[in-house]
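Chemist: Residue numbers (the working numbering): 21 to 491.
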Ligand code: UDP
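1. Hey, residue 34 and residue 138: beta-carbon distance below 8 angstroms or not?
2. Is there at least one non-hydrogen atom of the ligand UDP closer than 7 angstroms to the beta-carbon of residue 312?
3. Could you check whether the Cβ of residue 127 sits closer than 7 angstroms to any heavy atom belonging to the ligand UDP?
4. Could you pull the start and end residues of the alpha helix (DSSP H) that residue 155 belongs to?
5. Pick from 442, 371, 120, 426: whose alpha carbon is nearest that of residue 455?
6. List the DSSP bridge partners of residue 31.
7. For the ligand UDP, is there a heavy atom less than 7 angstroms away from the beta-carbon of residue 96?
8. Can you list, in chain order, the stretches of the beta strand (DSSP E) that have 3 or more residues and sit fully within the stretch 138-190?
9. Give the secondary structure of residue 236 by DSSP, where H, G and I count as helix, E and B as strand, and everything else as coil.
10. Output the distance between the C-alpha atoms of residue 117 and residue 25, rounded to the nearest integer angstrom.
11. Ordered along the chain, which non-local residues of its own chain (more than five positions away) have a Cβ less than 8 angstroms from that of residue 171?
12. Does the separation of the CB atoms of residue 415 and residue 185 fall below 8 angstroms?
13. Look at the Cβ atom of residue 492, then the Cβ atom of residue 338, and state whether they are nearer than 8 angstroms.
14. Nearest to residue 390 by alpha carbon, out of 159, 89, 209?
15. Going by DSSP in three states, residue 429 sits in which element: helix, strand or coil?
16. Pick out whichever of 365, 314, 329, 150 has its Cα sitting closest to the Cα of residue 388.
17. Are there any heavy atoms of the ligand UDP lying less than 7 angstroms away from the beta-carbon of residue 16, as far as the coordinates show?
18. So for residue 402, helix, strand or coil by DSSP?
19. Taking the alpha-carbon positions, what's the residue 207 to residue 191 distance?
20. I'd like the list of long-range same chain contacts for residue 435, defined as Cβ closer than 7 angstroms, with 5 residues on each side in sequence excluded.
21. Count the CB pairs spanning the stretch 250-269 and the stretch 233-242 that are closer than 8 angstroms, and state whether there are at least three.
22. Can you name the start and end residues of the alpha helix (DSSP H) that residue 383 belongs to?
23. Could you give the C-beta distance for residue 45 and residue 264, rounded to a whole number, given that I count them as a contact under 8 angstroms?
24. Am I right that residue 420 and residue 394 are in contact with their C-beta atoms under 8 angstroms? What's the rounded C-beta distance?
25. With distances taken from CA atoms, which of 267, 56, 451 is nearest residue 475?
26. How should residue 458 be labelled, buried or exposed, when 16 other C-beta atoms within 10 angstroms of its C-beta is the threshold for buried?
27. Report yes or no: do the stretch 285-305 and the stretch 353-371 share at least 3 C-beta pairs separated by less than 8 angstroms?
28. Based on the DSSP output, what are the partners of residue 308 in its beta bridges?
29. DSSP three-state call for residue 210: helix, strand or coil?
30. Between the Cα of residue 149 and those of 31, 131, 109, spot the shortest distance and give me the residue it belongs to.
31. Have a look at residue 245 and residue 347 and give me their C-alpha separation to the nearest angstrom.
32. For a test of the three-state rule: what should DSSP assign to residue 473, helix, strand or coil?
33. Nearest-angstrom Cα distance between residue 240 and residue 119?
34. Quick check on this structure: which residue in 405, 453, 411, 31 has the alpha carbon closest to the alpha carbon of residue 121?
35. Are there any heavy atoms of the ligand UDP lying less than 7 angstroms away from the beta-carbon of residue 237, as far as the coordinates show?
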């Protein structure tokens with residue numbers, strides 16, 4: 021009789037911050053549950069994580085490895101040049117992945133691949149090697165369901181639509197009747213998006229259905245209706261979010277002895293925590309547009325004046341590469357002017373966001389509505405003002421304002437008076453009403469990762485199933 025194989029899971033994230041963080045959380049949780057796990061980054065991101073990561077792996081069962089993404093070291097890997105990255109993933113990186121999996125690097129042999137929902141190369145190579153593959157889409161269920169409906173909308177002539185009448189109601193998304201305007205659909209529905217990108221993300225979505233199961237970083241009580249629609253496509257769904265909260269509950273939230281957040285690709289400026297200590301309770305607006313979104317100088321100045329005019333202290337994350345369309349020197353000098361520390365405002369390159377949101381001085385979150393940020397806001401119970409730009413952000417922000425009612429959506433506008441009005445509404449006039457909904461949703465998120473919570477139970481189920489399919 022053949023010896024049973026030791027389960028060995030390969031976790032393959034898309035090479036970007038918002039994907040690496042939740043997938044590394046999952047890798048740590050699987051290792052903590054006793055499974056052997058290899059987390060496979062690109063060399064480029066592996067180098068950025070490791071110097072501040074643990075000197076030895078966080079668990080003897082978790083290995084952090086890397087392969088090339090096929091791009092030269094000095095490639096910016098920015099949104100503007102994402103097509104080059106996507107092409108390289110499909111070609112050079114896929115070859116490197118195959119090579120990694122058949123070589124000694126993956127000893128004992130990998131018996132299951134968990135591939136990011138936009139890394140179907142993981143499913144392709146798993147199929148070639150007759151290994152089961154599970155898909156992990158790192159964004160919301162409401163957005164994933166919308167993606168699956170897009171081909172029908174195109175067939176019915178509802179898409180594409182002209183971008184000049186974005187306020188027109190959009191009908192036809194099951195479970196969202198009367199809720200959506202054109203501007204609330206994911207950004208790939210807008211005609212300004214390059215057709216190559218549209219095709220790439222739609223092909224990746226369809227490819228997910230070749231996996232034997234689906235993992236989502238959400239929780240049942242938050243997105244039940246959308247999850248029931250997705251259950252018509254996927255027979256085996258594991259909702260195990262908010263993953264960062266589950267990781268903290270399971271004591272794998274932080275690398276031991278270090279204070280950096282799990283999977284952060286940038287050095288966190290912890291001096292902002294000291295600044296927060298000097299601010300009054302629930303007075304500060306925390307502003308962050310995530311790891312990819314860029315803004316023009318005009319937009320930046322509108323936000324700046326709006327925030328200053330509302331009279332609230334604010335902490336703003338402005339990455340070195342956050343300014344769009346300016347020459348580097350000009351952008352650097354503008355950023356250093358804004359970074360002058362004052363009692364009322366603080367600008368940093370990168371913050372320990374989960375800790376910032378948990379700080380008693382923070383009362384509001386001006387966010388781009390990236391899915392991780394949305395979940396982190398919910399867990400911390402901090403109401404949001406949403407300024408979505410790309411991908412799932414447009415639909416997340418609509419759910420934040422109209423379904424969960426835990427924030428306000430200022431989609432597609434950012435003039436200073438709107439910013440000022442939004443902050444006043446969130447922090448004063450509508451505070452009570454929004455905080456009430458937020459307290460309810462936040463409590464549900466906490467329940468979901470408790471010992472008997474749906475996400476904890478689903479993680480247990482996932483571990484069991486991985487052991488089974490690895491036989
Ligand atoms: N983040 C952080 N520090 C910052 C800004 C962002 O640690 O100063 C983290 C944030 O906690 C979140 C991730 O970066 O986990 C951003 O992911 P999200 O899905 O919100 O947006 P994306 O970067 O993918 O657009």
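Yeah, the Cβ is synthetic: ideal placement off N, Cα and C, and Gly gets one too.
Note that the coordinates shown come from a computational prediction; the quantities given were computed from them, not determined experimentally.
Modeler: Reading off the structure:
1. Residue 34 sits at position 14 when you count from the first residue of the chain shown. Residue 138 sits at position 118 when you count from the first residue of the chain shown. Against a cut-off of 8 angstroms, the Cβ pair of residue 138 and residue 34 comes out as a contact.
2. Locating residue 312 in the chain shown gives position 292, counting from the first residue. Checking the Cβ of residue 312 against the ligand UDP gives yes.
3. Taking the first residue of the chain shown as 1, we reach residue 127 at position 107. No, the beta carbon of residue 127 sits no closer than 7 angstroms to any heavy atom of the ligand UDP.
4. Within the chain shown, numbered from 1, the residue matching residue 155 stands at position 135. It is not in any alpha helix (DSSP H) - residue 155 instead sits in the beta strand (DSSP E) that spans 153-157.
5. Walking along the chain shown from the start, residue 455 turns up at place 435. It is 426 whose Cα lies nearest to the Cα of residue 455.
6. Here residue 31 refers to the residue found at position 11 of the chain shown. In DSSP, residue 31 forms a bridge with 59, 134.
7. Within the chain shown, the letter at position 76 stands for residue 96. No, the ligand UDP has no heavy atom inside 7 angstroms of this Cβ.
8. 153-157
9. The residue given as residue 236 occupies position 216 in the chain shown. Three-state DSSP puts residue 236 in a strand.
10. One-based indexing of the chain shown puts residue 117 at position 97. One-based indexing of the chain shown puts residue 25 at position 5. When rounded, the distance between both Cα atoms is 21 angstroms.
11. Sequence index remark: in the chain shown, residue 171 carries index 151 (1-based). Around residue 171: 222.
12. Working through the chain shown from its first residue, we reach residue 415 at position 395. Working through the chain shown from its first residue, we reach residue 185 at position 165. Cβ distance not < 8 angstroms, so residue 415 and residue 185 don't count as in contact.
13. Since the first and last residues shown for the chain are 21 and 491, residue 492 lies out of range.
14. The count along the chain shown starts at 1 and reaches residue 390 at position 370. Nearest of 159, 89, 209 to residue 390, Cα basis: 159.
15. Here residue 429 is taken as the residue at index 409 of the chain shown, counted from 1. It is a strand residue.
16. On the chain shown, residue 388 is found 368 positions in, with the first residue counted as 1. Residue 314 is the option with its Cα nearest to residue 388.
17. Absent from the structure is residue 16, since the part of the chain shown begins at 21 and ends at 491.
18. Position 382 of the chain shown holds residue 402. DSSP places residue 402 in coil when its eight states are reduced to three.
19. The residue labelled residue 207 in the question sits at position 187 within the chain shown. The residue labelled residue 191 in the question sits at position 171 within the chain shown. Using only the alpha carbons, I get a separation of about 17 angstroms.
20. Residue mapping note: residue 435 aligns to position 415 of the chain shown, counting from 1. The answer, listed in chain order, is 322.
21. yes
22. Working through the chain shown from its first residue, we reach residue 383 at position 363. Run containing residue 383: none in the alpha helix (DSSP H); it sits in the beta strand (DSSP E), 382-387.
23. The residue given as residue 45 occupies position 25 in the chain shown. The residue given as residue 264 occupies position 244 in the chain shown. So it is a contact: roughly 6 angstroms between Cβ atoms.
24. Here residue 420 corresponds to residue number 400 of the chain shown, with the count starting at 1. Here residue 394 corresponds to residue number 374 of the chain shown, with the count starting at 1. Right, their Cβ atoms sit about 7 angstroms apart.
25. Working through the chain shown from its first residue, we reach residue 475 at position 455. For the residues 267, 56, 451, the minimum Cα distance to residue 475 belongs to 267.
26. Position 438 of the chain shown, counted from the start, is the residue given in the question as residue 458. With 16 or more Cβ atoms within 10 Å of its Cβ, residue 458 is classed as buried.
27. yes
28. Taking the first residue of the chain shown as position 1, residue 308 is located at position 288. BP columns for residue 308 point to 337, 387.
29. Locating residue 210 in the chain shown gives position 190, where the first residue counts as 1. Residue 210 falls in the strand class under three-state DSSP.
30. Within the chain shown, the letter at position 129 stands for residue 149. Comparing Cα positions, the closest option is 131.
31. In the chain shown, the residue the question calls residue 245 occupies position 225. In the chain shown, the residue the question calls residue 347 occupies position 327. For residue 245 and residue 347, the distance between alpha carbons rounds to 46 angstroms.
32. By 1-based counting over the chain shown, the position of residue 473 is 453. Residue state, collapsed to three classes: coil.
33. The residue given as residue 240 occupies position 220 in the chain shown. The residue given as residue 119 occupies position 99 in the chain shown. Looking at the two C-alpha atoms, the distance is approximately 38 angstroms.
34. To locate residue 121, count along the chain shown from 1; it is residue 101. Looking at the Cα atoms, 31 is the closest of the given residues.
35. Taking the chain shown and counting its residues from 1, one reaches residue 237 at position 217. Checking every heavy atom of the ligand UDP against the Cβ of residue 237, none is found closer than 7 angstroms.
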